[in-house]
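Scroll down for the structure; my scribbles are underneath it.
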Amino acid sequence: MTPVSLAVRWNPIDWPLTHGPIPYAVLAAGWGALLLLALARGRAWWSRRLPAALLAAAALSLLVDAVVDGWWHPFPEGLPRYVRWWTAVALLAGCLAGFRAARLPRRGKLLAVGGAVLVLLMSSSQVNRGFDQYPSGRVMLAPWLNKTQELTTSKKADTVEAPPGKPLSEVWHAPPGLPDKGTVSRTPIPGTKSGFKARDAYVYLPPAYQASPRPLLPVVVLLGGQPGVPEDWVNTAQVNEALDTFAAAHEGLAPIVVMPDQLGSTWANTLCFDSKIAKVQTYLAQDVPDWVHQHLQAAKGRGSWSIGGASMGGTCALQLAVNAPEVYGSFLDMSGQDEPTLGTRAETVDAAFGGDNAAFEAVDPLHVMARKQFPDTAGAIVVGRTDEQFRGQQEKVYQAVLAAGMKAKFDLMPGGHGWVIFRPGIIDQLPWLAQQTGLTP
């Protein structure tokens with residue numbers, strides 16, 4: 008092991024937060040703190056204050072559920088059960104600390120608050136283990152640690168193009184001095200035709216893009232989930248590192264990866280339709296490809312373009328594959344839904360199409376595939392083995408995809424729903440994406 012790798016291994020911000028000793032130590036400390044908060048001397052505590060704390064915590068938990076799932080409703084499927092559970096545990100700790108602190112001296116108050124903070128840390132840690140949003144401190148700090156580079160927009164380089172019927176890798180040879188890593192850039196992609204007000208996109212250009220002559224690389228459009236931001240693919244999924252690893256094994260070749268915004272804001276759900284909400288289908292099928300061809304040298308044609316996504320982004324990828332097959336010849340759907348939704352079919356149709364169910368069915372993927380065949384489209388469906396909400400939906404989508412004549416595969420991965428699936432999922436599917444887009448045989 009090199010000194011550099013040893014230094015990385017022992018850097019505290021690289022210690023794992025979702026497996027290994029740290030989450031279990033936090034779990035033990037949290038349960039211990041909750042137990043100490045619940046145990047006190049005196050009949051009044053056991054007969055009045057402890058039951059009152061339990062009732063208050065239960066009432067607050069129900070209130071949080073009602074506000075989040077009933078009123079705010081940011082997630083169409085509602086909060087996962089384990090998130091509800093750990094939220095209730097944190098609220099219980101807060102209530103216990105409040106009832107304990109009321110009759111304690113200043114030092115006791117501080118200890119009670121400290122105990123509640125430990126339980127909150129435990130609950131947050133367990134939710135993070137479920138989603139795997141922050142597998143390490145480095146990922147948590149990525150928005151401040153990661154730096155983007157100026158986008159290479161020059162289109163004056165000579166190019167190398169894949170001959171008909173052959174992959175690009177057969178005619179490409181890396182020149183001396185090729186960079187080891189690709190670049191990540193942040194850039195606006197305006198909704199020129201759609202009018203959609205998107206947040207800035209992120210673009211990965213592999214090492215081979217810096218060469219001259221420059222290979223005409225395929226393009227993969229990656230869409231995140233909801234809630235989310237485009238940079239989740241860089242900061243949380245670390246997709247640029249996976250692409251650099253792939254490029255290192257293929258003489259600098261990897262797809263150009265464009266990570267646009269299909270939401271407009273973190274908590275918004277545009278449904279990826281052209282609807283009353285926004286014209287996101289036009290944005291992803293026209294504005295994004297137009298921008299790529301205007302600013303970058305990239306391969307053209309549906310066979311060189313793929314669209315993928317996670318959760319709501321996976322649903323969106325399927326939508327574009329069937330509603331804009333002239334643009335995208337393949338798609339990757341990780342943990343997506345069986346139909347775009349804001350909660351119920353009625354809510355979705357009302358918000359997007361003013362109650363016009365026929366307009367919804369005209370663009371809903373399963374309805375489109377029921378009346379149209381797609382023999383020239385390839386799809387990969389990926390879902391967590393223990394994903395209670397989405398596994399059944401993905402199995403339904405897979406059967407519909409096969410019935411529509413697509414060349415498709417279905418992959419189950421260990422885990423539930425979240426980056427615990429999306430992060431390794433994109434790594435596992437990179438070879439498939441490279442094959443489908445003509446990069447490798």
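Here the sequence shown stands for residues 8 to 448, where the numbers follow the working numbering.
Where is the CB? At the ideal position from N, CA and C, for every residue including glycine.
These figures come from a predicted structure and were not determined experimentally.
- request: Pick helix, strand or coil for V15, following the three-state DSSP scheme.
  value: Residue 15 sits at position 8 when you count from the first residue of the sequence shown. Note that V15 has pLDDT 49, beneath the 50 cutoff, so the model's placement of it is unreliable and the number below is only indicative. V15 falls in the helix class under three-state DSSP.
- prompt: If you scan the segment 334-405 from start to end, which runs of the alpha helix (DSSP H) of 4 or more residues do you find wholly inside it?
  reply: 352-360, 364-370, 372-378
message: Buried or exposed, going by whether 16 or more other CB atoms sit within 10 Å of the CB of E238?
response: Position 231 of the sequence shown, counted from the first residue, corresponds to residue 238. Taking every protein chain shown into account, the CB of E238 has 16 or more other CB atoms within 10 angstroms, so this residue is buried.
message: Taking the beta carbon of N247 as the centre, do at least 16 other beta carbons fall within 10 Å, making it buried, or is it exposed?
response: The residue given as residue 247 occupies position 240 in the sequence shown. That one is buried.
message: For L13, count the other beta carbons within 10 Å of its own beta carbon; 16 or more makes it buried, fewer makes it exposed. Which is it?
response: Position 6 of the sequence shown holds residue 13. Residue placement at L13 cannot be trusted, given a pLDDT of 40 that sits under 50; what the coordinates show is reported in the next sentence. Answer is exposed; the Cβ neighbour count stays below 16.
- request: List in chain order: all unbroken alpha helix (DSSP H) runs of 4+ residues lying wholly within the segment 253-326.
  value: Within the segment 253-326, the complete alpha helix (DSSP H) segments at least 4 residues long are 295-302, listed from N- to C-terminus.
message: Let me confirm a value: Q326 is counted as buried when at least 16 other C-beta atoms fall within 10 Å, else exposed. Which label applies?
response: For the purposes of this step, residue 326 is taken as residue 319 along the sequence shown, with counting starting at 1. Burial call: buried.
message: Within the continuous beta strand (DSSP E) that includes Y209, where are the two ends?
response: Translated into the one-based positions of the sequence shown, residue 209 becomes position 202. Here the beta strand (DSSP E) through Y209 covers 208-212.
- prompt: Where does D251 fall in DSSP's three states?
  reply: For this step, residue 251 is matched to residue 244 along the sequence shown. Three-state result, D251: helix.
- request: Could you name the residues of the same chain whose beta carbon sits closer than 6 Å to that of D345, not counting the 5 residues immediately before and after it, in chain order?
  value: Looking up residue 345 in the sequence shown gives position 338. Excluding sequence neighbours, D345 sits near Q400, K403, V404.
query: Helix, strand or coil: which one does DSSP assign to M420?
result: Locating residue 420 in the sequence shown gives position 413, where the first residue counts as 1. Here M420 sits in strand by DSSP.
query: In chain order, which beta strand (DSSP E) runs of at least 3 residues are fully inside the segment 154-215?
result: Listed in chain order, they are 190-194, 208-212.
- request: Could you check which residue in H374, A275, Y141 has the C-alpha nearest to that of H80?
  value: Indexing the sequence shown from 1 puts residue 80 at position 73. Out of H374, A275, Y141, A275 has the C-alpha closest to the C-alpha of H80.
field: Residues bridged to K414 [DSSP beta-bridge criterion]
entry: As a working mapping, residue 414 is identified with position 407 in the sequence shown. Answer is A385.
task: Please name the residue, chosen from D251, A366, A60, A51, that lies closest to I434 on a Cα-to-Cα basis.
output: Residue mapping note: residue 434 aligns to position 427 of the sequence shown, counting from 1. When only C-alpha atoms are compared, the closest one is D251.
- prompt: Under the DSSP definition of a beta bridge, which residues are partnered with S143?
  reply: Here the question's residue 143 lines up with position 136 in the sequence shown. DSSP, once it has assigned bridges, lists P23 as partnering S143.
field: A97, buried or exposed, once every other Cβ within 10 Å from all chains shown has been counted against 16
entry: For the purposes of this step, residue 97 is identified with residue 90 of the sequence shown, where counting begins at 1. Burial call: buried.
- request: Pull up the CB-CB distance for A285 and F203, whole angstroms please, since I reckon it's below 8 Å.
  value: Here the question's residue 285 lines up with position 278 in the sequence shown. Here the question's residue 203 lines up with position 196 in the sequence shown. Confirmed, about 5 Å.
query: According to the Cβ coordinates, are A104 and A123 closer than 7 Å?
result: Taking the first residue of the sequence shown as position 1, residue 104 is located at position 97. Taking the first residue of the sequence shown as position 1, residue 123 is located at position 116. Contact: yes.
task: May I ask you to report which of helix, strand or coil DSSP gives V120?
output: Indexing the sequence shown from 1 puts residue 120 at position 113. Helix at V120.
query: Do L446 and P225 have their C-beta atoms closer together than 7 Å?
result: Position 439 of the sequence shown, counting from 1, holds the residue named residue 446. Position 218 of the sequence shown, counting from 1, holds the residue named residue 225. Against a cut-off of 7 Å, the Cβ pair of P225 and L446 comes out as a contact.
message: So the candidates are V178, R206, P234, Q233; which of them puts its Cα closest to the Cα of A215?
response: Residue numbering aside, residue 215 sits at position 208 when the sequence shown is read from its first letter. Ranking V178, R206, P234, Q233 by Cα distance to A215 puts V178 first.
field: Exposure of I20, with buried meaning 16 or more beta-carbon neighbours within 10 Å
entry: As a first step, residue 20 is located in the sequence shown; it is residue number 13 there, counting from the start. It is exposed - the Cβ of I20 has fewer than 16 other Cβ atoms within 10 Å.
query: Short check: CB of R206 to CB of D281, under 7 Å?
result: Within the sequence shown, the letter at position 199 stands for residue 206. Within the sequence shown, the letter at position 274 stands for residue 281. The answer is no: Cβ separation not under 7 Å.
query: So what's R107 in DSSP terms, helix, strand or just coil?
result: Looking up residue 107 in the sequence shown gives position 100. Helix at R107.
Cβ-based neighbour list, A328, same chain, cut-off 7 Å, excluding 5 preceding and 5 following: Mapped onto the sequence shown, residue 328 falls at position 321. Result list for A328: I314, Y335, F338, T384, G386, in chain order.
query: If you run the structure through DSSP and keep just helix, strand and coil, what is V227?
result: To locate residue 227, count along the sequence shown from 1; it is residue 220. In this structure, V227 counts as strand in the three-state DSSP scheme.
task: Go to V33, then tell me how far its alpha helix (DSSP H) extends in each direction, as first and last residue.
output: Taking the sequence shown and counting its residues from 1, the one referred to as residue 33 is at position 26. From DSSP, the alpha helix (DSSP H) with V33 extends over 28-45.
query: Which of helix, strand or coil does DSSP assign to P112?
result: Taking the first residue of the sequence shown as 1, we reach residue 112 at position 105. The answer is coil: DSSP assigns P112 none of H, G, I, E or B.
query: Can you name the start and end residues of the alpha helix (DSSP H) that S68 belongs to?
result: The residue you call residue 68 lines up with position 61 of the sequence shown. Per DSSP, S68 belongs to the alpha helix (DSSP H) from 57-72.
message: Given a cut-off of 7 Å on the beta-carbon distance, is the pair V191 and T155 in contact?
response: Reading the sequence shown from its first residue, position 184 is the one you call residue 191. Reading the sequence shown from its first residue, position 148 is the one you call residue 155. Contact: yes.
- prompt: In or out: V15 buried (at least 16 other Cβ within 10 Å) or exposed?
  reply: Working through the sequence shown from its first residue, we reach residue 15 at position 8. Caution applies to V15, whose pLDDT of 49 falls short of 50 and renders its modelled position unreliable; the model cannot decide the point.
field: Distance between P183 and A441 (C-alpha atoms, nearest Å)
entry: Within the sequence shown, the letter at position 434 stands for residue 441. Within the sequence shown, the letter at position 176 stands for residue 183. Roughly 23 Å between the two C-alpha positions.
message: Using only the alpha-carbon positions, how far apart do C102 and A109 sit?
response: Stepping through the sequence shown from its first residue, residue 102 is reached at position 95. Stepping through the sequence shown from its first residue, residue 109 is reached at position 102. Their Cα atoms are separated by approximately 11 Å.
field: V265 versus K307 - alpha carbon distance
entry: Locating residue 265 in the sequence shown gives position 258, where the first residue counts as 1. Locating residue 307 in the sequence shown gives position 300, where the first residue counts as 1. Looking at the two C-alpha atoms, the distance is approximately 15 Å.
query: Given T25, which residues of its chain have a CB within under 7 Å of its CB, disregarding the five upstream and five downstream residues?
result: Indexing the sequence shown from 1 puts residue 25 at position 18. So the qualifying residues of the chain are N135, R136, D139, P142.
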